[in-house]
Amino acid sequence: MRARQSSIAAFVVLAIGAAAWSRPALPDTTGDASIALTARTTVPPRVMATLRRACFDCHSNETRWPWYSRLPLAAHLLAHDVREGRAQLDWSHWEEYNRFDRAELLDKVCDRASHGEMPPWPYRLVHRDASLTAIDLRELCEWAQGESARLAQGGS
1293 MRARQSSIAA
1303 FVVLAIGAAA
1313 WSRPALPDTT
1323 GDASIALTAR
1333 TTVPPRVMAT
1343 LRRACFDCHS
1353 NETRWPWYSR
1363 LPLAAHLLAH
1373 DVREGRAQLD
1383 WSHWEEYNRF
1393 DRAELLDKVC
1403 DRASHGEMPP
1413 WPYRLVHRDA
1423 SLTAIDLREL
1433 CEWAQGESAR
1443 LAQGGS
């Protein structure tokens, strides 16, 4: 029993050590402007500023990697979060979504922001400027709902 506990403890220490010394490849930060959100979609400047401040770090190729992204364990967590975020919605690849998917994504943007799900609280904790004010939410949702309706009615 004691030998088994020692083996498990040694494995855990080795796993943490390996994670601490390895560095993941951070997701790509280059992009093709011709498929980005603003390529063919009009976004009001204040809404664009809100998206850049609160969304783009995880949902675009314009990620601003903070100093702590160079720390081994933090690098793994941040790389994972950015990959997951881009898999759900990537503003840098906006034109690659069909218009129905774009309309649905815009509806989700408003819904999740309005319910405080986005940006996630751990992100807001570290990035105080990412918190959305009532005005930010109103402007974001007005734009998202208008653009979603335009797309649903046949816009491209």
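For the working numbering, add 1292 to where a residue sits in the sequence shown, where the first one is 1.
All residues carry an ideal CB built from backbone N, CA and C; glycine is no exception.
Contact under 8 Å by Cβ, residue i with residue j
i     : j     : result
S1384 : A1328 : yes
P1336 : E1431 : yes
S1440 : D1403 : no
T1334 : W1386 : no
R1391 : L1443 : yes
D1324 : H1351 : no
A1422 : P1414 : no
As assigned by DSSP and simplified to three states, the class of residue i
i     : result
Q1437 : helix
M1410 : coil
P1336 : coil
W1359 : helix
A1331 : helix
A1324 : Going by the sequence as given, residue 1324 is Asp instead of Ala. In the structure shown, D1324 sits in coil (DSSP, three-state: anything other than H, G, I, E or B).
S1448 : coil
L1342 : Reading off the sequence, residue 1342 comes out as Thr, not Leu. Three-state result, T1342: helix.
L1424 : coil
E1354 : coil
Where the alpha helix (DSSP H) containing residue i begins and where it ends
i     : result
A1366 : P1364 to Q1380
H1419 : From DSSP, H1419 is part of no alpha helix (DSSP H); its letter is neither H nor E.
D1349 : F1348 to H1351
Cβ-heavy atom distance, residue i to the ligand GTP, below 7 Å
i     : result
P1411 : By its list of ligands, the structure shown contains no ligand whatsoever, and the ligand GTP lies outside what it can speak to.
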